[in-house]
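Data block below; observations after.
2 protein chains.
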Amino acid sequence: MEDEVDRLVAAWRRERPDLDVEPLEVLSRVSRLARHLDRARRLAFSEHQLEPWEFDVLTSLRRAGAPYQLSPGQLLTQTLVTSGTMTNRIDRLTKKGLVERLPDPSDRRGVLVRLTPEGRDRADEALAGLLAQERAILAQLSRGQRGELAALLRQLTAPFDNVPG
Amino acid sequence: MEDEVDRLVAAWRRERPDLDVEPLEVLSRVSRLARHLDRARRLAFSEHQLEPWEFDVLTSLRRAGAPYQLSPGQLLTQTLVTSGTMTNRIDRLTKKGLVERLPDPSDRRGVLVRLTPEGRDRADEALAGLLAQERAILAQLSRGQRGELAALLRQLTAPFDNVPG
DNA sequence: GAAATATATCTTGATTTCAAGATACTTGAT
DNA sequence: ATCAAGTATCTTGAAATCAAGATATATTTC
Numbered sequence: 001m002e003d004e005v006d007r008l009v010a011a012w013r014r015e016r017p018d019l020d021v022e023p024l025e026v027l028s029r030v031s032r033l034a035r036h037l038d039r040a041r042r043l044a045f046s047e048h049q050l051e052p053w054e055f056d057v058l059t060s061l062r063r064a065g066a067p068y069q070l071s072p073g074q075l076l077t078q079t080l081v082t083s084g085t086m087t088n089r090i091d092r093l094t095k096k097g098l099v100e101r102l103p104d105p106s107d108r109r110g111v112l113v114r115l116t117p118e119g120r121d122r123a124d125e126a127l128a129g130l131l132a133q134e135r136a137i138l139a140q141l142s143r144g145q146r147g148e149l150a151a152l153l154r155q156l157t158a159p160f161d162n163v164p165g
Numbered sequence: 001m002e003d004e005v006d007r008l009v010a011a012w013r014r015e016r017p018d019l020d021v022e023p024l025e026v027l028s029r030v031s032r033l034a035r036h037l038d039r040a041r042r043l044a045f046s047e048h049q050l051e052p053w054e055f056d057v058l059t060s061l062r063r064a065g066a067p068y069q070l071s072p073g074q075l076l077t078q079t080l081v082t083s084g085t086m087t088n089r090i091d092r093l094t095k096k097g098l099v100e101r102l103p104d105p106s107d108r109r110g111v112l113v114r115l116t117p118e119g120r121d122r123a124d125e126a127l128a129g130l131l132a133q134e135r136a137i138l139a140q141l142s143r144g145q146r147g148e149l150a151a152l153l154r155q156l157t158a159p160f161d162n163v164p165g
């Protein structure tokens, strides 16, 4: 079945036959799929009164394991937002009672962000819902294809995830 | 090579062994890679004094072919933003002289957005730069792997691109 | 051909994000 | 010990996005 990127690539080949637009076959699909997923997530989380950004922070803490705490810096590498954004997110989650800030005992510059019991419950509920939705989207592919796809994507993400940047 | 999603999945399997988190192997990689690509694009476009959102609108018009015009509604399906966002984008691009609004001769509710000659040049310059950068990112994969990856992604994007939603 | 429904775009107000730089503490070199 | 450089987080102000609803025009139904 054709998708929007097929049409986009065909259009470029007509308009700019001098350029090799093959990279778009992969990377435009990644960007567009991510936007579709964002919309779907927003919808799925609204049942739990959670925004996607809240889910991202809460689940990062949740999967760290008890006592469910990380530094803001660790949260940055998990969520790929800027430090100003993370400060703001922690402020808002604190007001909602889903996380709390504690001083880092080993570094007085530092802070630890800890999930409250309610924050933990909310994260657990929303995760189950998200997985159900994602499973439906991935039903397009066989188990083997999902494995292949994951492996190919890993080759593209690994360089980003393993450099200072 | 391991990536952040490998660590994330391992953490969930430790914390929530009762859940099947296999969907994250694919879809978390898609979301994270898209964020990395956004950052890289922002950097690449800054050489041309263009924001990613400007690029998205200008190139949608550019590849429509002469006379380089589309309705706001058509731009919505290409860029996956809301109508309020698109109105705002067209306003700002108009102020910068990169696009102009024309009345749609066949529908008095409608408007056509047309690329100016400068807008067209800016789109062409930035596209060449983007393709070079994307080629570097994709050098991780062989030509055959890139083809496979594109085909697998198409299966996931097609359902989104071919329904009313 | 009038009313009801649908479509296309824009407006509004609140929310979220980012880039840049400020502040406070820590570490390393001498 | 002191000073310079590095690190961790927060502050600020501007820019961009979204959801919801308003407005104007088209289309369908009866």
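If you're matching them up, the sequences are chains A and B in order. Okay, so the first sequence: first residue is 1 according to UniProt numbering, each after it adds one. Okay, so the second sequence: first residue is 1 according to UniProt numbering, each after it adds one. Positions of the beta carbon are idealized from the N, C-alpha and C atoms, including for glycine.
Proximity of the segment 126-140 of chain B to the segment 103-114 of chain B falls short of the contact definition, fewer than three beta-carbon pairs being nearer than 8 Å.
Beta bridge pairing from DSSP links V113 (chain A) with A:L70 and A:R101. A158 (chain A) and D3 (chain B) do touch by the CB rule: their CB atoms are close to 4 Å apart, below 8 Å.
At least 8 Å separates the CB of A126 (chain A) from every CB of chain B.
Flagged as an interface residue toward chain B: Q155 (chain A), by a C-beta distance shorter than 8 Å. Proximity of E2 (chain B) to chain A, defined by a Cβ-Cβ separation below 8 Å, is satisfied. Of B:L43, B:I90 and B:F55, the smallest CA-CA separation from S71 (chain B) is found for B:I90. Along the UniProt domain "HTH marR-type" (23-158) of chain B, the alpha helix (DSSP H) occurs as fully enclosed runs of 4 or more residues at 52-62, 72-79, 83-95 and 117-138, listed in sequence order. Looking only at A:V21, A:V57 and A:R39, the smallest Cα-Cα distance to R122 (chain A) is reached by A:V57. Between L93 (chain B) and E118 (chain B), the C-beta gap is not smaller than 8 Å, which leaves the two residues out of contact. Between the segment 125-132 of chain B and the segment 43-60 of chain B there are three or more inter-stretch CB-CB distances shorter than 8 Å, so the stretches are counted as touching.
Contacts with chain A at 8 Å (Cβ-Cβ) do not include F45 (chain B).
DSSP places R16 (chain A) outside any alpha helix (DSSP H), giving it a letter other than H or E.
Here DSSP, grouped into helix, strand and coil, assigns V163 (chain A) to coil. Straight through space, the alpha carbons of A11 (chain B) and S142 (chain B) are spaced by roughly 31 Å. Of all residues in the segment 48-69 of chain A, only R62, R63, A64 and G65 place a beta-carbon less than 8 Å from a beta-carbon of chain B. Taking a 10 Å sphere around the C-beta of V163 (chain A), we find fewer than 16 other C-beta atoms and assign the residue as exposed. Among the residues facing chain B, E148 (chain A) is included, as its CB has a counterpart in that chain under 8 Å away. Inter-residue distance for V30 (chain B) and E22 (chain A) is about 19 Å (C-alpha atoms, whole angstroms). At least one CB of chain B lies nearer than 8 Å to the CB of S31 (chain A). Annotation: Cβ neighbours of D161 (chain B) in chain A (cutoff 7 Å, chain order): D3 and E4.
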